[in-house]
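See structure below.
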Amino acid sequence: MNAKVILGIKIAFGLAILFFGCNKLFYFMDPPAPSTKIAGSFLRALVSSKTMMLVAIVEICAGIALLTNRFAALMMLILMSVSINAFLYHIKLDVKHWYVGVAFLALNIFMLYIYKDRYKELLKPQ
Numbered sequence: 002m003n004a005k006v007i008l009g010i011k012i013a014f015g016l017a018i019l020f021f022g023c024n025k026l027f028y029f030m031d032p033p034a035p036s037t038k039i040a041g042s043f044l045r046a047l048v049s050s051k052t053m054m055l056v057a058i059v060e061i062c063a064g065i066a067l068l069t070n071r072f073a074a075l076m077m078l079i080l081m082s083v084s085i086n087a088f089l090y091h092i093k094l095d096v097k098h099w100y101v102g103v104a105f106l107a108l109n110i111f112m113l114y115i116y117k118d119r120y121k122e123l124l125k126p127q
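In the working numbering, the protein residues as written are 2 to 127.
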């Protein structure tokens, strides 16, 4: 794939993650309302337990890492846990917004693929 296209995707994904991570901390934009009561209850539990604050910090760090190209491979591994949980949330609890979870997971998997050479040592048999 063209290096400029990859750079554009990295920048767009980094800015999006940074934006939504900052939004979770500073609430400058209202998120869409969950489409079910169960999804709303689940989100309220995550917010009240401060779990969403941790998710926001991970997203902000991952966005900065992608934009500065420092520790980006590591942050994409860490962000994968957030991506999988967002995907499962949208597929099971908030089906109306399923595309958000799918796009987030797909972009994270794409970034893991881009950094695949950095993971060779981790995946080498002992």
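Backbone N, C-alpha and C define an ideal beta-carbon position, used for all residues, glycine too.
1. Looking only at its chain, what residues have a beta carbon closer than 6 Å to the beta carbon of Met30, apart from the 5 residues adjacent to it on each side?
2. Quick one, which of Glu60, Leu19, Lys93 and Asn3 has its alpha-carbon nearest Ala40's?
3. Under the three-state reduction of DSSP, which class applies to Thr52: helix, strand or coil?
4. Classify Met76: buried if its beta carbon has 16 or more other beta carbons within 10 angstroms, exposed otherwise.
5. Determine contact between the stretch 66-82 and the stretch 9-16, defined as no fewer than three beta-carbon pairs at a distance below 8 Å.
6. Assuming Ser36 and Asp95 form a contact by the criterion Cβ under 8 Å, report the distance between their Cβ atoms to the nearest whole angstrom.
7. Could you round the C-beta distance between Gly22 and Ile61 to whole angstroms and report it? I think they count as a contact, below 8 Å.
8. Output needed for Ile7: all residues of its chain with C-beta closer than 7 Å, excluding positions within five of it in sequence on either side, in chain order.
Concretely, from the data shown:
1. Asn24
2. Lys93
3. helix
4. buried
5. yes
6. 5 Å
7. Contact between Gly22 and Ile61 holds, since their C-beta atoms are separated by about 4 Å, short of 8 Å.
8. Ile115
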